[in-house]
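Anchor point for the sequence shown: position 18 equals 54 in the working numbering, and the numbering is continuous, going up by one each time.
C-beta: ideal position from N, C-alpha, C; glycine also.
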Amino acid sequence: HAKPPVAAPSRTPTPPTAAAVRASLGVEVVDAPQGPGALVVAVHVPGPGYTAGLVRGDVLLSLGKAGIGSASDLAAVVSDARPGHQLKLKVRHDSGQRQELAVTPGVVT
37 HAKPPVAAPS RTPTPPTAAA VRASLGVEVV DAPQGPGALV VAVHVPGPGY TAGLVRGDVL
97 LSLGKAGIGS ASDLAAVVSD ARPGHQLKLK VRHDSGQRQE LAVTPGVVT
């Protein structure tokens, strides 16, 4: 009797590990032109940023306890965030008004 073929371990799909799960705010940002921060240029609908009330033109100043000086700062802070755990997000709106929002990063799929 012939044995059935055995799949090589490298071909077996592996379940995602906790390290593979990345957080996302569902926004696209660039460096803020005036002062520190990350300028929101697009908000994904639906998405965590949209749910929190972010709109295009907002400047993100801090997330949790971390200050945001640039778009790359935001990327680093979000990548360290735990999906599903609410954080405080400090925002400067286009009008100049500052606001603190609650945002819950989602999972990048």
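Residues of its chain near residue i, where Cβ-Cβ distance is below 8 Å and the 5 sequence neighbours each way are ignored
{"i": "Val113", "result": "Leu99, Gly100, Ala102, Ile104"}
{"i": "Gly83", "result": "Ser60, Leu61, Gly62, Val63, Gly142"}
{"i": "Leu97", "result": "Pro72, Gly73, Gly103, Ile104, Lys126, Val127, Arg128, Arg134"}
Cutoff 6 Å; reference residue i; Cβ partners in own chain excluding five residues on either side
{"i": "Asp130", "result": "Gly93"}
{"i": "His80", "result": "Gly62"}
{"i": "Arg4", "result": "Lying before the first or after the last residue shown, residue 4 is absent from the chain, which here runs from 37 to 145."}
{"i": "Val95", "result": "Ala68, Gly73, Leu75, Arg128"}
When the options are compared against residue i, the one with the closest alpha-carbon
{"i": "Leu125", "options": "Gly73, Ser108, Val81, Val77", "result": "Gly73"}
{"i": "Thr140", "options": "Ala88, Val77, Arg128", "result": "Ala88"}
{"i": "Ser115", "options": "Val77, Val144, Gln70", "result": "Val144"}
{"i": "Gln122", "options": "Asp109, Glu136, Ala111", "result": "Glu136"}
Buried or exposed by the 16-neighbour rule on C-beta atoms within 10 Å, applied to residue i
{"i": "Val66", "result": "exposed"}
{"i": "Val91", "result": "exposed"}
{"i": "Gly132", "result": "exposed"}
{"i": "Gly85", "result": "buried"}
Spatial neighbours of residue i in its chain, beta-carbon cut-off 7 Å, leaving aside the 5 residues before and after
{"i": "Gly120", "result": "Thr140"}
{"i": "Arg118", "result": "Ala59"}
{"i": "Ala78", "result": "Val63, Glu64, Arg92"}
Handout entry: Continuous alpha helix (DSSP H) assignments of at least 4 residues falling wholly in the stretch 104–138
Key = You should have 107–116.
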